[in-house]
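Working notes for the structure below.
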Amino acid sequence: MESVIEKCESTISELLKFSRSVLYLGKPIKDKRFIKFENEIGYELSIDFKYILERYNGFSLLGSRVFGLDSEYQESSLDRIYHFEHNIVENKMPSHFLPFSNDGSGNHYCLDLSRLDSKKICPVVFWQWDFKYETINEVETCNENFCDWVKEVLIDWTLEEYNFDGTKK
11 MESVIEKCES TISELLKFSR SVLYLGKPIK DKRFIKFENE IGYELSIDFK
61 YILERYNGFS LLGSRVFGLD SEYQESSLDR IYHFEHNIVE NKMPSHFLPF
111 SNDGSGNHYC LDLSRLDSKK ICPVVFWQWD FKYETINEVE TCNENFCDWV
161 KEVLIDWTLE EYNFDGTKK
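For the sequence shown, our numbering assigns the number 11 to the initial residue and increments by one for each residue that follows.
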């Protein structure tokens, strides 16, 4: 059985097949900002999410992006987006949802940090900003973990229409 780190490495390896003209990779995180962020929000982040973001603090593929955690990202930094989606918007997210990527329409893919398991992995859910959820169970679970989300949503969906060099199929 593939370990979490092996799965992350496999996902990163496939992501790196894309041309740098369509793939942006942020700089590595070499400080303790994740610990500070976890303390601020009161939840531990999943190991696969931290592993990939420590290597590439924020990344995007043909416009689909994963937010980084740094002041250089300004309003698109994970901490600012978390604050905005939990405190300012009308339809606030539950505190245990960490929005890490948007769909361009105000909806977000989020880590459901309340479901962090013993392997330090949690599922990815899809939060619709304009839907009034009656119960938390109505929020769609998209993927079992962050690496699966990167593989499906960023890599596989992109490869349906584009080649690794960014040319249209």
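Built from N, CA and C at the ideal position, the CB exists for glycine as well.
Bear in mind the structure is a predicted one, so any value in this text is a computation, not a measurement.
- Between residue 28 and residue 121, the C-beta gap is not smaller than 9 Å, which leaves the two residues out of contact.
- Secondary structure note for residue 74: its beta strand (DSSP E) is the uninterrupted segment 74-76.
- Comparing C-alpha distances from residue 126 to each of 107, 142, 168 and 40 shows the shortest one belongs to 107.
- The DSSP assignment places complete alpha helix (DSSP H) segments of no fewer than 4 residues inside the segment 70-153 at 88-93, in order along the chain.
- Non-local beta-carbon contacts of residue 172 in its own chain, meaning distances under 8 Å to residues more than five positions away in sequence, involve 32, 72, 178 and 179 in chain order.
- The C-alpha of residue 98 lies about 10 Å from the C-alpha of residue 91.
- Contact holds between the segment 129-138 and the segment 111-121, because three or more Cβ pairs, one in each stretch, are under 8 Å apart.
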